[in-house]
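Peer 1: Residue 451 in our numbering sits at position 464 of the sequence shown, with consecutive numbering throughout.
The beta-carbon is built from N, C-alpha and C at its ideal position, and this holds for glycine as well.
Everything numeric in this text was worked out from a predicted model, so none of it was measured.
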Amino acid sequence: MDTLKRTKVKDLLCSTPGAEVLAKGWVRTKRGNKQVKFIALNDGSTVKNIQVVAPCDVIDEETLKLVTTGASLQVIGTLTESIGSGQAVEIQAKEIVVLGECDPMRFPLQKKDTSLEYLRTVAHMRLRTNTFGAVLRIRHAMAFAIHKFFNDKGFVYLHTPLITESDAEGAGDMFQVTTLDLANVPVHNGKVDFSKDFFGKKTSLTVSGQLEGELGATAVGEIYTFGPTFRAENSNTPRHLAEFWMIEPEMAFYDINDNMALAEEFVKYLVQYALDNCMDDLQFLNDKYDDGLIERLRSVLGIAFQKVTYTQAVEILEEAIKNGQQFEYPVHWGTDFQSEHERYLVEKHFGKPVILIDFPKDIKAFYMKQNEDGRTVRGMDVLFPKIGEIIGGSEREASLEKLEKRIEELGMSRKNLEWYVDTRRYGTVPHSGFGLGFERLLLFVTGMTNIRDVIPFPRTPKNAEF
Ligand code: 4AD
Ligand code: MG
């Protein structure tokens, strides 16, 4: 017996019956009668449970009493063909050891209420549910596929700093990093004296690895980053996190068309990977939350994304308003689109993912390549059904003169950007890149509707538990 090795539930479910097996996991449910108990056991390797059949004359009553939802068990028995519907095999238990009891009166997942809202209130335990098991496995598969996609293309994974002095996006919504004593801040000439701070200057958590990514791309050609980013924007929406993960490829010698082509190929690859490798979990989420999920995933694969300029999109939205379409926020040339506008374009007007290009320069970051018209820049946003923007990117301004002029126009501190400007000063090249919000991608792939439900430990305004 002691040589028997544990087999994961995922592997048990596709094994041929007959063998003696050892399974370990947590009890999902127990039902049955005086003669026999049926225990659904799950170990997180798959959304599916293995059924353990426990005859009351084989397993003693004391043990069976402790087999409650949430308890952890080790089960030895024979894998047999199942006569019950819903599974091919089950375990005829010979021995059950309760590894960890679980008080049914207190266990938070015991409750009838398994709504996502309720689960957010017991977020430390919700990972044990089928829903979060599925989300976590898909999240892992997507992270793996991202590395595979870029590795296969010869991109270099570049680690950009998390602590930085640069506000890449120029939006100013950064979390400051300091070791200064906040009750006794050193002051010089009426201002905080950051020379006394840990780094001798004011630093923050990064909002994007792009600017450092450009240093990498103009050295080794094609890089990508994949790391956490931090934004202190006070937006309590189902699509914003204060800490989220972003993938930022940056490519020398790519223009905006190459950039758009890569972005489209990339997201299609990820969706295809999910369909090929995560079907059990997708089917579960499809059945439980969103019966259009799998169909929606397939629908983005076969078609070309719709390219449309910002200016054309404004005309479409204005036309829609004329025809009675109502939006909460107004639309006119020069304003940033809200998620409702993006979703109108994707879901109602075009019926497919949209790549928006050529934005007014005043609503985009300083580094975007300026178009000939003097008022737009070569930015691109990829918009997806149900979500809106999942990717933001651009061709970068490669001209030293134009970049310097834009930095000055915007009144940005040149001092902190000299290192970045050097990329244009020494051997500048056309180059492009984009950022994919990992959790936005996961919203699309899992069909979840709140971004707090696709990251294990969400950070949002007034919420940083664990
Ligand atoms: O459009 P953004 O701000 O672009 C950048 O940061 C560029 N530096 C990217 C680049 O060109 N290398 O952010 C990129 C993506 C968005 O499209 C969105 O998917 C996601 O990051 N994102 C967020 N996701 C969750 N919570 C937030 N608060 C987010 N802000 C942006
Ligand atoms: Mg953006």
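Quick check on this structure: which residue in R218, F240 and T224 has the alpha carbon closest to the alpha carbon of W232?
Peer 2: Here residue 232 refers to the residue found at position 245 of the sequence shown. With distances taken between Cα atoms, W232 lies closest to R218.
Peer 1: DSSP beta-bridge partners for E384?
Peer 2: The sequence position of residue 384 within the sequence shown is 397, counting from 1. Answer is none; E384 lacks a bridge partner.
Peer 1: Compute the beta-carbon to beta-carbon distance between G159 and L397, rounded to the nearest angstrom, for a pair I have assumed lies under 8 Å.
Peer 2: Taking the first residue of the sequence shown as 1, we reach residue 159 at position 172. Taking the first residue of the sequence shown as 1, we reach residue 397 at position 410. About 12 Å; that fails the 8 Å criterion.
Peer 1: List the DSSP bridge partners of N29.
Peer 2: Stepping through the sequence shown from its first residue, residue 29 is reached at position 42. BP columns for N29 point to W13.
Peer 1: Who pairs with E77 in a beta bridge, going by DSSP?
Peer 2: Translated into the one-based positions of the sequence shown, residue 77 becomes position 90. Partner(s): Q38 and T67.
Peer 1: To test your reading of the DSSP string, which unbroken beta strand (DSSP E) runs of 3 or more residues are found completely within the region 161 to 207?
Peer 2: Counting whole runs of 3 or more residues, the region 161 to 207 contains the beta strand (DSSP E) stretches 190 to 192.
Peer 1: Beta-carbon separation of A27 and I83 under 8 Å?
Peer 2: In the sequence shown, residue 27 corresponds to position 40, counting from 1. In the sequence shown, residue 83 corresponds to position 96, counting from 1. Their beta carbons are not under 8 Å apart, which means A27 does not touch I83 by this criterion.
Peer 1: In terms of alpha-carbon separation, which member of S182, F142 and L430 lies closest to D277?
Peer 2: Here residue 277 refers to the residue found at position 290 of the sequence shown. Nearest option by C-alpha distance: L430.
Peer 1: Applying the criterion that 16 or more other CB atoms from any shown protein chain within 10 Å of the CB defines a buried residue, is I70 buried or exposed?
Peer 2: Numbered from 1 along the sequence shown, position 83 holds the residue referred to as residue 70. The residue in question, I70, is exposed, as its Cβ has fewer than 16 Cβ neighbours within 10 Å.
Peer 1: What are the start and end residues of the beta strand (DSSP E) that includes E209?
Peer 2: For the purposes of this step, residue 209 is taken as the residue at position 222 of the sequence shown. E209 to F217 is the extent of the beta strand (DSSP E) around E209.
Peer 1: Which class does I308 belong to by DSSP, given the choice of helix, strand or coil?
Peer 2: In the sequence shown, residue 308 corresponds to position 321, counting from 1. Three-state DSSP puts I308 in a helix.
Peer 1: Cα separation between F162 and K449?
Peer 2: Counted from its first residue, the sequence shown places residue 162 at position 175. Counted from its first residue, the sequence shown places residue 449 at position 462. One C-alpha to the other measures close to 14 Å.
Peer 1: Please enumerate, following chain order, all residues with a beta carbon closer than 7 Å to at least one heavy atom belonging to ligand 2.
Peer 2: In chain order, the qualifying residues are D368, E376 and G379.
Peer 1: For a quick check, are the C-beta atoms of L228 and R412 less than 8 Å apart?
Peer 2: In the sequence shown, the residue the question calls residue 228 occupies position 241. In the sequence shown, the residue the question calls residue 412 occupies position 425. No. Outside cutoff.
Peer 1: E49: which of V76, E68, V85 and V34 sits nearest, CA to CA?
Peer 2: Counting from 1 along the sequence shown, the entry for residue 49 is found at position 62. Of V76, E68, V85 and V34, the residue nearest in Cα terms is V85.
Peer 1: Contact defined as beta carbons within less than 8 Å: I believe Y260 pairs with A130. What is the distance between those atoms, to the nearest angstrom?
Peer 2: Position 273 of the sequence shown, counted from the start, is the residue given in the question as residue 260. Position 143 of the sequence shown, counted from the start, is the residue given in the question as residue 130. About 11 Å separates the two Cβ atoms, so there is no contact after all.
Peer 1: Below 8 Å on the Cβ atoms is my contact criterion, and I expect K351 with A385 to pass it. Report the Cβ-Cβ distance as a whole number of Å.
Peer 2: Locating residue 351 in the sequence shown gives position 364, counting from the first residue. Locating residue 385 in the sequence shown gives position 398, counting from the first residue. About 16 Å; that fails the 8 Å criterion.
Peer 1: Quick one: what's got a C-beta closer than 7 Å to S32's C-beta in the same chain, skipping five residues either side?
Peer 2: Translated into the one-based positions of the sequence shown, residue 32 becomes position 45. K(-5), V(-4) and K(-3).
Peer 1: Alpha helix (DSSP H) containing I234: first to last residue?
Peer 2: For the purposes of this step, residue 234 is identified with residue 247 of the sequence shown, where counting begins at 1. Run containing I234: none in the alpha helix (DSSP H); it sits in the beta strand (DSSP E), E230 to A239.
Peer 1: What distance in whole Å lies between the Cβ atoms of V416 and L390, which are believed to be in contact at a cut-off of 8 Å?
Peer 2: For this step, residue 390 is matched to residue 403 along the sequence shown. For this step, residue 416 is matched to residue 429 along the sequence shown. Going by Cβ atoms, the distance from L390 to V416 rounds to 13 Å, so no, they are not a contact pair.
Peer 1: Please classify K335 as buried or exposed, where buried requires at least 16 neighbouring CB atoms within 10 angstroms.
Peer 2: For the purposes of this step, residue 335 is identified with residue 348 of the sequence shown, where counting begins at 1. Per the 10 Å Cβ criterion, exposed.
Peer 1: If you measure from the CB of S381, is any heavy atom of ligand 1 nearer than 7 Å?
Peer 2: Walking along the sequence shown from the start, residue 381 turns up at place 394. True, at least one ligand heavy atom lies under 7 Å from that Cβ.
Peer 1: Are there three or more Cβ pairs, one per stretch, closer than 8 Å when the region 164 to 184 is compared with the region 202 to 217?
Peer 2: Not touching, per the Cβ criterion.
Peer 1: Suppose contacts are defined by Cβ-Cβ distances below 8 Å. Is L262 in contact with L284 by that definition?
Peer 2: As a first step, residue 262 must be located in the sequence shown, where it is residue number 275. As a first step, residue 284 must be located in the sequence shown, where it is residue number 297. Taking 8 Å as the Cβ cut-off, L262 and L284 qualify as a contacting pair.
Peer 1: Can you grab the Cα-Cα spacing for the pair V254 / F292, in whole Å?
Peer 2: Your numbering for residue 254 matches position 267 in the sequence shown. Your numbering for residue 292 matches position 305 in the sequence shown. Whole-angstrom Cα-Cα distance: 11 Å.
Peer 1: Buried or exposed: Y354, going by 16 or more other Cβ atoms within 10 Å of its Cβ?
Peer 2: Position 367 of the sequence shown, counted from the first residue, corresponds to residue 354. Its Cβ being crowded by 16 or more others within 10 Å, Y354 is buried.
Peer 1: Taking just the CA atoms, how far does G214 sit from I378?
Peer 2: Position 391 of the sequence shown, counted from the start, is the residue given in the question as residue 378. Position 227 of the sequence shown, counted from the start, is the residue given in the question as residue 214. Straight-line Cα distance between these residues: approximately 15 Å.
Peer 1: Which residue or residues does DSSP assign as beta-bridge partners of N450?
Peer 2: Your numbering for residue 450 matches position 463 in the sequence shown. DSSP lists T447 as partners of N450.
Peer 1: With a threshold of 7 Å on Cβ separation, who are the neighbours of V34 within its own chain once the five nearest residues in sequence on each side are excluded?
Peer 2: Translated into the one-based positions of the sequence shown, residue 34 becomes position 47. These residues qualify, in order along the chain: N117, G120, A121, D267, D268 and F271.
Peer 1: Is S191 near ligand 1, going by C-beta to nearest heavy atom under 7 Å?
Peer 2: Residue numbering aside, residue 191 sits at position 204 when the sequence shown is read from its first letter. No; taking the cut-off as 7 Å, the Cβ of S191 has no heavy atom of ligand 1 nearer than that.
Peer 1: Look at the Cβ atom of R365, then the Cβ atom of E382, and state whether they are nearer than 8 Å.
Peer 2: If you number the sequence shown from 1, residue 365 lands on position 378. If you number the sequence shown from 1, residue 382 lands on position 395. In contact: R365 and E382 (Cβ atoms closer than 8 Å).
Peer 1: Can you pull the DSSP bridge partners for E376?
Peer 2: By one-based count along the sequence shown, residue 376 stands at place 389. The partner list for E376 (beta bridge, DSSP) reads L370.
Peer 1: With distance defined between alpha-carbon atoms, name the residue in D47, F25, D30 and I374 nearest to Q38.
Peer 2: On the sequence shown, position 51 is the one that residue 38 refers to. Answer by Cα proximity: F25.
Peer 1: If you run the structure through DSSP and keep just helix, strand and coil, what is E220?
Peer 2: Walking along the sequence shown from the start, residue 220 turns up at place 233. Residue state, collapsed to three classes: coil.
Peer 1: So E235 and G196 are supposed to be a Cβ contact under 8 Å. How far apart are they, rounded?
Peer 2: One-based indexing of the sequence shown puts residue 235 at position 248. One-based indexing of the sequence shown puts residue 196 at position 209. Sure, about 5 Å apart at Cβ, within 8 Å.
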